[in-house]
Amino acid sequence: MSRFKAVIFDLDGVITDTAHYHYLAWKQLAESQGVHFDHAFNENLKGIDRMGSLDLILASAPRSYTPEEKLALADTKNLHYQELISTMSSNDLLPGAVEALDAVRRAGLRIGLASVSKNAFTVLGRLGITDKFDYVVDAATIARSKPDPEIFLRAAQELGVAPADCLGVEDAVAGVAAIKAAGMFALGIGHPFVLTEADVVITSLQQFNLSAY
Numbered sequence: 071m072s073r074f075k076a077v078i079f080d081l082d083g084v085i086t087d088t089a090h091y092h093y094l095a096w097k098q099l100a101e102s103q104g105v106h107f108d109h110a111f112n113e114n115l116k117g118i119d120r121m122g123s124l125d126l127i128l129a130s131a132p133r134s135y136t137p138e139e140k141l142a143l144a145d146t147k148n149l150h151y152q153e154l155i156s157t158m159s160s161n162d163l164l165p166g167a168v169e170a171l172d173a174v175r176r177a178g179l180r181i182g183l184a185s186v187s188k189n190a191f192t193v194l195g196r197l198g199i200t201d202k203f204d205y206v207v208d209a210a211t212i213a214r215s216k217p218d219p220e221i222f223l224r225a226a227q228e229l230g231v232a233p234a235d236c237l238g239v240e241d242a243v244a245g246v247a248a249i250k251a252a253g254m255f256a257l258g259i260g261h262p263f264v265l266t267e268a269d270v271v272i273t274s275l276q277q278f279n280l281s282a283y
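So for the sequence shown, my numbering puts the first residue at 71; every next one is plus one.
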């Protein structure tokens with residue numbers, strides 16, 4: 071028997087990896103504005119929402135931007151990203167993802183998704199796993215992005231489970247910080263020396279073992 075009543079998963083980097091698509095879309099946008107963009111710069115955007123990422127990029131631009139210009143640029147990036155993810159399928163699920171979701175369901179726990187992506191529902195649909203989640207919270211329904219705990223607290227509320235009874239699964243530093251700030255147990259996906267605030271760190275969902283946490 072698990073000591074938890076719900077498991078709340080992040081999407082990117084946990085269940086699927088859309089990082090490359092985001093990288094290509096942000097790179098095109100950044101370079102169109104005269105900003106050099108590489109993988110090192112891209113690491114700074116991990117776990118940050120769209121407008122926050124745009125602000126980081128434009129901080130290196132040779133001019134300033136009005137709020138209206140920023141919104142237009144964000145829309146341009148998103149349209150390119152949507153074109154890229156339109157080719158996704160169940161083949162883009164990360165190893166162990168479906169097995170982990172099914173294990174949580176067999177244990178009788180509620181399952182939530184907490185993603186800062188505004189395209190979360192599109193991605194879930196392309197992956198063919200929308201019906202595996204009891205509730206999905208995405209960027210369109212929250213006011214504050216990770217590391218603020220709002221997205222995880224909202225997921226717990228909608229699932230009808232107290233935060234202390236939730237296990238949060240994240241691959242980003244900001245995401246793990248959000249889980250801990252929400253008062254939940256944090257399972258990190260990645261490297262222990264990076265995800266230092268996580269309660270437990272595994273390399274992928276292939277190592278997911280609900281009874282071990």
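For glycine and all other residues, C-beta sits at the position ideal for the given N, C-alpha and C.
If residue i and residue j are in contact, beta carbons under 8 Å, what's the gap, nearest whole angstrom?
i	j	result
A252	L223	5 Å
A213	I78	Wrong, their Cβ atoms sit about 18 Å apart, outside the cutoff.
R180	A76	4 Å
V246	E228	Not quite, the Cβ-Cβ distance comes to about 21 Å (not below 8 Å), so this is no contact.
A268	L275	Not quite, the Cβ-Cβ distance comes to about 14 Å (not below 8 Å), so this is no contact.
L126	N114	6 Å
F255	L237	5 Å
I259	I272	6 Å
L124	A144	5 Å
Taking all protein chains shown into account, decide if residue i is buried (16 or more other Cβ within 10 angstroms of its Cβ) or exposed.
i	result
P233	buried
T88	buried
D108	exposed
G178	exposed
L194	buried
G104	exposed
A184	buried
A182	Sequence inspection shows Gly at residue 182; the Ala mentioned does not correspond to that position. Its Cβ being crowded by 16 or more others within 10 Å, G182 is buried.
V239	buried
D82	buried
N163	Here residue 163 is Leu; the residue named in the question, Asn, does not match the sequence. With 16 or more Cβ atoms within 10 Å of its Cβ, L163 is classed as buried.
R120	buried
R196	buried
H92	buried
F263	exposed
T211	exposed
D80	buried
A100	buried
S215	buried
With distances taken Cα to Cα, identify the nearest neighbour of residue i among the options.
i	options	result
P132	S102, V231 and G195	S102
F278	L126, G166 and R120	G166
I117	T136, P262, D145 and P219	Reading the sequence as shown, one finds Gly at residue 117 and not Ile. It is P219 whose Cα lies nearest to the Cα of G117.
Q159	A209, I199 and A248	First, the residue type needs correcting, since residue 159 is Ser and not Gln in the sequence shown. Checking every option, the nearest Cα to that of S159 belongs to I199.
E190	I155, L265, A110 and N112	It is Ala, not Glu, that sits at residue 190 in the sequence shown. The option with the nearest alpha carbon to A190 is I155.
D204	V186, I221, G230 and N161	G230
A170	V84, R73 and T266	V84
T86	S130, P217, D201 and V168	V168
From the DSSP output, which residues share a beta bridge with residue i?
i	result
E240	G258
V84	Partner(s): none; V84 has no beta bridge.
F79	L183 and V239
I272	I259
V193	According to DSSP, which records beta bridges pairwise, V193 is partnered with nothing at all.
Y205	G182
With a threshold of 8 Å between beta carbons, is residue i in contact with chain D?
i	result
A213	The chain labelled as chain D is not found in the depicted structure, where only one protein chain is given.
Cβ contact (3+ pairs, closer than 8 Å) linking the region 92-106 and the region 142-158: With the cut-off at 8 Å, the region 92-106 and the region 142-158 touch.
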